[in-house]
Amino acid sequence: MMNGNRFLAHTAIATICIATMASSLIAGELNILTWEGYADPSVIEPFEAATGCKVSATYVGSNDDFAPKLAAGGGVFDVVTPSIDTTYSLIEAGFVQPIDISRIVVWGDLYKQFTSAPGIQKDGKFYGVPYAWGAIPFMYRPDKFATPPTSIAALWDPALKGRVSLWDDKSALYVAARLNGDMNIYSLSDEQLAAAQAKLVEQRPNVRKYWATAGELVDLYKSDEVWISNTWGGYQSGLLASEGIEVVEFIPEEGAEGWMDSNMIVTGTPNEECAYKFLNMASGALGQSGVFKVNGYSSTNPIAAKEFMTPEEFSALHQDDPEYLDSLLLWENLGDRLQAYTNAWNAVKSQ
Amino acid sequence: MSVPLSLRLKRAVVLSPPLLWTLVFMFIPYTILFVYSFWIQKYPTFEPAFQFGNYVQLATDPQYLRVILRTIKIAFFVSLGAALIAYPYAYFLAFKVKRPGVRLALYMAVVAPLWVSYLLRAYTWKTILGTTGILNSFLMSIGLLSEPSSVFLYNQTAMIVTLIYVFIPFMVMPIYAVLEKIPKSLKEASSDLGVGRLQTFFLVTLPLSIPGIVAGFTMTFCLTFGDFIAPFLVGGPDGLMIANVIASQFGASLNWPLGSALALVMLVIVLTIISISDRFERFGQGKFA
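From first to last, the protein sequence lines stand for chains A and B. Note that the numbering used here numbers the first sequence so that position 264 is 577, with each residue one more than the last. Note that the numbering used here numbers the second sequence so that position 289 is 615, with each residue one more than the last.
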């Protein structure tokens, strides 16, 4: 009888496994782990119709979500879209596979600054296709500030008690370090990290809430909880504008971080064909106009961008201004210092 | 001892699912956690090792003790608050409500919210406690506040309120179950002997209901202790709890070894609490029942 039970259980489990495997094989399903806005129906629906590859998206709130999800295994995801500070760790951990750039038709159209970025290559092989880029500026409610803020110091202004939000991410340390005058934000020494940590602890009375997702920051502004914060340049301000709430973005005197997101293919994906089709679409005209219209981010493909941006938009997003990109502190991989940064950030929140 | 084969087979059939469950979902995962806790983080992930560095780090870096103490504090206040609200309610249900239909309806009123997603219920408190929320609008409309206050949301009090609301069914149920079983004759005997109602409550009813309070307290305490949603939704910059730190070790810092060590410390704390509450319960029963 026990054997009978076991047999039944095994059969049931096997049936479920086979059924789910089969469905994902037949449909050409593509599971992508990406950012809010990057899998907008306006892009995904035409792509699905054209290729027959069904796309399911899961969203991350931070770059720190990619490696753990891939480390947990299970072969769930086929394509990931990490930022340039995370790409190299994924390559080193073996989570992503080399990309045959001869199969990426738009490769030559993309900004050389991005395709040659050290973060997406190893041993002469490429692992990522540049997709979108932008800055991490700050933003504020203009109706709450008599004089527009120009410095990060505004987020420490005692007058703004309980009105400030910062991204719940190690990047909070980058902000505090710059305020301390430490511009080497990706290679902070233990002393500099401790100083940044102390600065963030000092800021705590001002912090209403550390925001974890794009939607949460929008809610914080909408419900009148927060007046000033950092932001994913272009995205939340756009969402707020469509809600009728005016916010102004600014790059502070202390500079802003820059980011660039690339699409990468997860090692051993069974859906490689669909993955390549997706990468081509994402960095081509359809994907690039999608990320511009939905997220308001700058394009990594200036040739495609010229087609869907007006000349004004083209220059507003700094597509014709390589020096702007150089002025940003482009995110870097922290390597074995990541743990020190994460610990410092946790320590701030444990106070 | 010879047991007939058919009986042994029956026993095996009855016992094997729970045993299998315990093995697969309790024993194996905890063993894996235990092994992981001696591994070591090494960029870009972590690798097998046998060393006590993770435990040393937990003991020496003050942030972990701070968060553990904060979590215990919050769990204690949630359990206390839930008990103070749940006891009168359960008492009212068990002794004051005479009609079974009304009693059932009131009981279901406590249990029914469990059918709604926890996330949704916690999220609701944001709309109640927020600066532009229902509570602020109400206080302003009755003239208690002249402008919206931000003190209700994004702090530890908001977390405690939310968690009391979310976990209160786990306090009401065991207390009600115990109160309901107290024979009426005991209270009658007490009043026959000339003891007042208040004294009867403190000398008869309350002592007899201690096992229910302890059970409810233990459950709400342990549930709160492992919670990581409330800090995320209604907690402020000082809202981090121990489960959030574990999540960030398994997530952001990709330090599963340290996260495992922390999870085991948490497990030990919870087991300690359960065994203490077990003592309490037995103490209550031995003395009063």
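Note that beta-carbon positions come from the ideal geometry of N, C-alpha and C, so glycine has one too.
Excluding the five sequence neighbours on either side, which residues of its own chain have a C-beta within less than 6 Å of the C-beta of F606/B, listed in chain order?
As a position in the second sequence, residue 606/B is number 280, starting the count at 1. Around F606/B: V540.
What residues from chain B crowd round E626/A, counting only those whose CB sits closer than 9 Å?
On the first sequence, position 313 is the one that residue 626/A refers to. Residues of chain B passing the Cβ test: none, with the nearest at roughly 34 Å.
Which residues of chain B have a Cβ atom closer than 9 Å to the Cβ of K438/A, listed in chain order?
Residue mapping note: residue 438/A aligns to position 125 of the first sequence, counting from 1. Simply none; closest approach about 17 Å.
Could you please give the first and the last residue of the uninterrupted beta strand (DSSP E) stretch that includes M452/A?
As a working note, residue 452/A is residue 139 in the first sequence. F451 to Y453 is the extent of the beta strand (DSSP E) around M452/A.
Closer than 7 Å at the beta carbon, the chain A residues around G577/B
Taking the first residue of the second sequence as 1, we reach residue 577/B at position 251. Within 7 Å Cβ-Cβ: D377, D378 and P381.
With a threshold of 16 other CB atoms inside 10 Å of the CB of E349/A, please say whether the residue is buried or exposed.
For the purposes of this step, residue 349/A is taken as residue 36 along the first sequence, with counting starting at 1. It counts as buried.
Out of M592/B, I595/B and A587/B, which one is the CA nearest neighbour of Q377/B?
Sequence index remark: in the second sequence, residue 377/B carries index 51 (1-based). Of M592/B, I595/B and A587/B, the residue nearest in Cα terms is A587/B.
Check whether G648/A and A448/A have beta carbons under 9 Å apart:
Here residue 648/A refers to the residue found at position 335 when the first sequence is read from its first residue. Here residue 448/A refers to the residue found at position 135 when the first sequence is read from its first residue. Going by C-beta atoms, G648/A is not nearer than 9 Å to A448/A.
Shorter than 9 Å from the beta carbon of K399/B to some beta carbon of chain A?
Start at 1 with the first residue of the second sequence, and residue 399/B comes out as number 73. By this cut-off, K399/B is not an interface position.
Close beta carbons around T666/A, own chain, < 6 Å, minus the five adjacent residues each side:
Residue coverage of chain A in this structure runs from 314 to 664, which leaves residue 666/A outside it and unanswerable.
Whole-angstrom C-beta distance between N376/A and V571/B, which should lie under 8 Å:
Along the second sequence, one-based indexing puts residue 571/B at 245. Along the first sequence, one-based indexing puts residue 376/A at 63. Wrong, their Cβ atoms sit about 19 Å apart, outside the cutoff.
What is the DSSP secondary structure of Q410/A, counted as helix, strand or coil?
Numbered from 1 along the first sequence, position 97 holds the residue referred to as residue 410/A. Here Q410/A sits in strand by DSSP.
CA nearest to the CA of P462/A, picked from I397/A, F563/A and A362/A
Position 149 of the first sequence, counted from the start, is the residue given in the question as residue 462/A. It is F563/A.
Note down, in chain order, each residue of its chain lying with its Cβ closer than 7 Å to the Cβ of R491/A, except the 5 sequence neighbours on either side.
Taking the first sequence and counting its residues from 1, the one referred to as residue 491/A is at position 178. The residues are I465, I498, E567 and G568.
Just the C-alpha distance for Y589/A and L559/B, rounded to the nearest angstrom, thanks.
Taking the first residue of the first sequence as position 1, residue 589/A is located at position 276. Taking the first residue of the second sequence as position 1, residue 559/B is located at position 233. In a straight line, the C-alpha of Y589/A is about 38 Å away from that of L559/B.
Who are the neighbours of S586/B on chain A, taking C-beta pairs under 8 Å?
Within the second sequence, residue 586/B is the residue found at index 260, counting from 1. Those do not exist, as S586/B stays about 13 Å from chain A at its closest Cβ, beyond 8 Å.
Could you spell out where the alpha helix (DSSP H) holding N584/A opens and where it closes?
For the purposes of this step, residue 584/A is identified with residue 271 of the first sequence, where counting begins at 1. Counting along the chain, N584/A falls outside any alpha helix (DSSP H), and DSSP gives it neither H nor E.
Cutting at 6 Å between CB atoms, please list the residues of its own chain near A335/A, excluding the five before and the five after it.
Here the question's residue 335/A lines up with position 22 in the first sequence. Because the pLDDT of A335/A is 42, which lies under 50, any placement of that residue in the model is unreliable, and the question is left without a value.
Name the residue from E361/A, L506/A and L641/A whose alpha carbon lies nearest to the alpha carbon of G341/A.
Along the first sequence, read from residue 1 onward, the residue named residue 341/A stands at position 28. Looking at the Cα atoms, E361/A is the closest of the given residues.
Identify which residue in P471/A, F427/A and S402/A has its Cα closest to the Cα of S611/A.
Locating residue 611/A in the first sequence gives position 298, where the first residue counts as 1. That would be F427/A, whose Cα lies nearest to the Cα of S611/A.
Excluding the 5 residues flanking Q664/A on each side, which residues of the same chain have their C-beta closer than 6 Å to its C-beta?
By one-based count along the first sequence, residue 664/A stands at place 351. So the list reads V514, once near-sequence residues are dropped.
What's the call for G441/B, buried or exposed, on a 16-neighbour Cβ count within 10 Å?
Here residue 441/B is taken as the residue at index 115 of the second sequence, counted from 1. The sequence shown places Trp at residue 441/B, not Gly. Per the 10 Å Cβ criterion, exposed.
For F496/B, name the three-state secondary structure that DSSP assigns.
Locating residue 496/B in the second sequence gives position 170, counting from the first residue. The answer is helix: DSSP assigns F496/B an H, G or I state.
Taking Cβ to Cβ, would you say V392/A is nearer than 9 Å to L552/A?
Residue 392/A sits at position 79 when you count from the first residue of the first sequence. Residue 552/A sits at position 239 when you count from the first residue of the first sequence. No; because the gap between Cβ atoms is not below 9 Å, this pair is not in contact.
CB contact check: A509/A to chain B, cutoff 9 Å:
Taking the first residue of the first sequence as position 1, residue 509/A is located at position 196. Chain B contact via Cβ: absent.
At the 9 Å Cβ level, is V393/B part of the contact set with chain A, yes or no?
Along the second sequence, one-based indexing puts residue 393/B at 67. Yes, V393/B lies at the interface with chain A (some Cβ there is under 9 Å from its Cβ).
Does the beta carbon of Y487/A sit closer than 9 Å to a beta carbon anywhere in chain B?
Residue mapping note: residue 487/A aligns to position 174 of the first sequence, counting from 1. For Y487/A, the answer is no, since every Cβ of chain B falls outside 9 Å of its Cβ.
With C-beta atoms as the reference, is S476/B less than 9 Å away from R521/A?
What you label residue 476/B is simply residue 150 of the second sequence in a count that begins at 1. What you label residue 521/A is simply residue 208 of the first sequence in a count that begins at 1. Contact: yes.
Do G542/B and F496/B have their C-beta atoms within less than 9 Å of each other?
Locating residue 542/B in the second sequence gives position 216, counting from the first residue. Locating residue 496/B in the second sequence gives position 170, counting from the first residue. Result yes, Cβ atoms of G542/B and F496/B sit closer than 9 Å.
Per-residue DSSP class, three states only, for D574/A
On the first sequence, residue 574/A is found 261 positions in, with the first residue counted as 1. Strand, per DSSP.
Where L479/A and L471/B are concerned, what is the direct C-alpha to C-alpha distance, given to the nearest angstrom?
To locate residue 479/A, count along the first sequence from 1; it is residue 166. To locate residue 471/B, count along the second sequence from 1; it is residue 145. Looking at the two C-alpha atoms, the distance is approximately 29 Å.
Would you say T655/A faces chain B, with C-beta separation under 9 Å as the test?
Against the first sequence, residue 655/A aligns to sequence position 342. Answer yes: the Cβ-Cβ gap between T655/A and chain B drops below 9 Å somewhere.
Answer yes or no: the CB of P381/A versus the heavy atoms of the ligand NAD, is any distance below 8 Å?
With respect to small molecules bound, the structure shown includes none, and the ligand NAD cannot be examined in it.
For D495/A, the nearest candidate out of Q510/A, D482/A and K606/A (CA to CA):
The sequence position of residue 495/A within the first sequence is 182, counting from 1. Nearest of Q510/A, D482/A and K606/A to D495/A, Cα basis: Q510/A.
Select from D436/A, L651/A, V356/A and D532/A the residue whose C-alpha is nearest the C-alpha of K452/B.
By one-based count along the second sequence, residue 452/B stands at place 126. Ranking D436/A, L651/A, V356/A and D532/A by Cα distance to K452/B puts D532/A first.
Distance CB(Q652/A)-CB(Q367/B) smaller than 9 Å
Counting from one through the first sequence, the residue named residue 652/A turns up at place 339. Counting from one through the second sequence, the residue named residue 367/B turns up at place 41. In this structure, Q367/B lies closer than 9 Å to Q652/A by Cβ.
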